[in-house]
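This report refers to the structure that appears directly beneath it.
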Amino acid sequence: MKIVFMGTPDFAVASLKKLVEAGKDVVGVITAVDKPAGRGQKLSESAVKKYASEKGLTILQPPNLKNSAFLDELKALGADLFIVVAFRMLPAVVFEMPARGTFNLHASLLPQYRGAAPINWAIINGETETGATTFFIEKQIDTGQILFQDKVAITPTDTAGTLHDKLMDLGADLVLKTANAIELDNYEQKPQDHNLATKAAPKIFKEDCVIDWNQNVESIDNFIRGLTPYPVAHTKLNEKQLRVYHIETEFTTHQLTPGVVVSDNKNYIKFAAIDGFISIKDLQLQGKKRMDVKSFLNGYTVD
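Going by my numbering, the sequence shown opens with residue 310, and the numbers climb by one from there.
Encoded structure:
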């Protein structure tokens, strides 16, 4: 069975690596075009391209997935199956091309958390469990027939970063399992119950990352962990943006207005929430480097 793999970031590399190491016939890899990055604006390759180059795989980087020249190249690869992991929305002319279909890996237990940021939203919403799903792609995003699912626990200390890594490894195993099942024609398809799609996972923008101190400590903790290490929750300190990476929670009664800052200017910075305090442990003030709170207070005074 000939496979074309489509993906871009580190999350996708684990799945591609799993397929290659299992001896699957990956006849082509589709990934994002090289983009300028850093101060020098040098062209940067995607993580998937770097791995595919190391393994000598055929790489295509189409700016336009509907381009006729690209479609001819893709068809010429003669793939039986397309596998998509963290890529982009495909036009029907692409996902309908292979005889055995096109399946996608999504980092949630579909139909819950359809959208671009399922890992972040699962933590933000206080879930204790999530997982990964493989499904055949259809025109409406994240709605296709489910092939396989696997679950993973979300611990009280998980961040979007740690959960990303758990799901990356879990998902890679699920991709290989799905590819094997399709190759052997030994699988069932389960339609999604759209009535159960009650929680969405839309893309998160900078303006969505502002901490609301008028919430309880648990909700704020979930919010900050769900945005760490990216795109990062933030608030204001002395009228400057403060990015918050790691906290400790204190549940206690107080009479302070939510959002009020308390600090000894040596060891701690705490923000009042409605039922306690959020103590900032790892932070980055606008114009400064990221650092722990004690290092920060060595050269900064909180008004």
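Backbone N, C-alpha and C fix where the C-beta goes; we use that ideal spot for every residue, glycine too.
Is it true that the CB of L399 sits closer than 9 angstroms to the CB of Q458? no
Rounded to the nearest angstrom, what separates S377 and Q370 at their Cα positions? Going from the Cα of S377 to the Cα of Q370 covers about 14 angstroms.
Residues bridged to Q458 (per DSSP): Paired residue(s): T442.
Which residue's Cα is closest to the Cα of V461: Y577, K448 and K475? K475
How would you call P345, buried or exposed, if buried means at least 16 neighbouring beta carbons within 10 angstroms? Exposed.
Can the beta-carbon of L328 be found less than 9 angstroms from the beta-carbon of A488? yes
Proximity to A321 [Cα-Cα], best of N547, A388, L414 and T566: Distance from the Cα of A321 is smallest, within the candidate group N547, A388, L414 and T566, for L414.
Please report how far the alpha carbon of F314 lies from the alpha carbon of A331, in whole angstroms. Taking the straight line from one Cα to the other gives about 14 angstroms.
Going by beta-carbon coordinates alone, are F391 and F412 separated by less than 9 angstroms? yes
Taking its Cβ as the centre, do 16 or more other Cβ atoms sit within 10 Å of K579, making it buried, or is it exposed? buried
Just grab the DSSP bridge partners of N413 for me. V393 and F444
Return the bridge partner residues of E559 from the DSSP annotation. F586
At a cut of 8 angstroms, does the stretch 554-563 reach the stretch 582-592 through at least three beta carbon pairs? yes
Just list the residues that DSSP pairs G480 with in beta bridges. In the DSSP assignment, no residue is bridged to G480.
Between the stretch 431-444 and the stretch 522-534, are three or more C-beta pairs nearer than 8 angstroms? yes
Among K326, A341 and L352, the one whose alpha carbon lies nearest that of P372: A341
Hey, I368 and I339: beta-carbon distance below 9 angstroms or not? yes
Put R423 into one of helix, strand or coil per three-state DSSP. strand
Relative to the alpha-carbon of F445, which residue among H473, A385 and I491 has its alpha-carbon at the smallest distance? Nearest to F445 by alpha-carbon distance, out of H473, A385 and I491, is I491.
Please work out which residues of its chain come closer than 8 angstroms, Cβ to Cβ, to R599, disregarding the five sequence neighbours upstream and downstream, and give them in chain order. R552, Y554, D591, L592 and Q593
At a cut of 8 angstroms, does the stretch 448-456 reach the stretch 466-474 through at least three beta carbon pairs? The answer is no - the stretch 466-474 does not touch the stretch 448-456, with fewer than three Cβ pairs under 8 angstroms.
Measuring CA to CA, which of P500, D612 and W430 is closest to V569? The shortest Cα separation from V569 among P500, D612 and W430 belongs to D612.
Going by DSSP, name the residue or residues bridged to H503. H503 is not bridged by DSSP to any residue.
L546: first and last residue of the uninterrupted beta strand (DSSP E) it sits in: Element bounds for L546: A542 to L546.
Let me confirm a value: T317 is counted as buried when at least 16 other C-beta atoms fall within 10 Å, else exposed. Which label applies? buried
Name the DSSP beta bridge partners of P345, please? L352
Can you tell me where the beta strand (DSSP E) with D451 in it begins and where it stops? Per DSSP, D451 belongs to no beta strand (DSSP E) and is neither H nor E.
Quick one: what's R599 bridged to in DSSP? DSSP lists no partner for R599.
For S572, write down the residues that DSSP places opposite it in a beta bridge. Paired residues: I578.
Does DSSP classify F404 as helix, strand or coil? Of the three classes helix, strand and coil, the one that applies to F404 here is helix, per DSSP.
Residue of Q550, C518, L374 and N547 minimising C-alpha distance to P538: C518
Is Q498 buried or exposed, if buried means 16 or more other CB atoms sit within 10 Å of its CB? exposed
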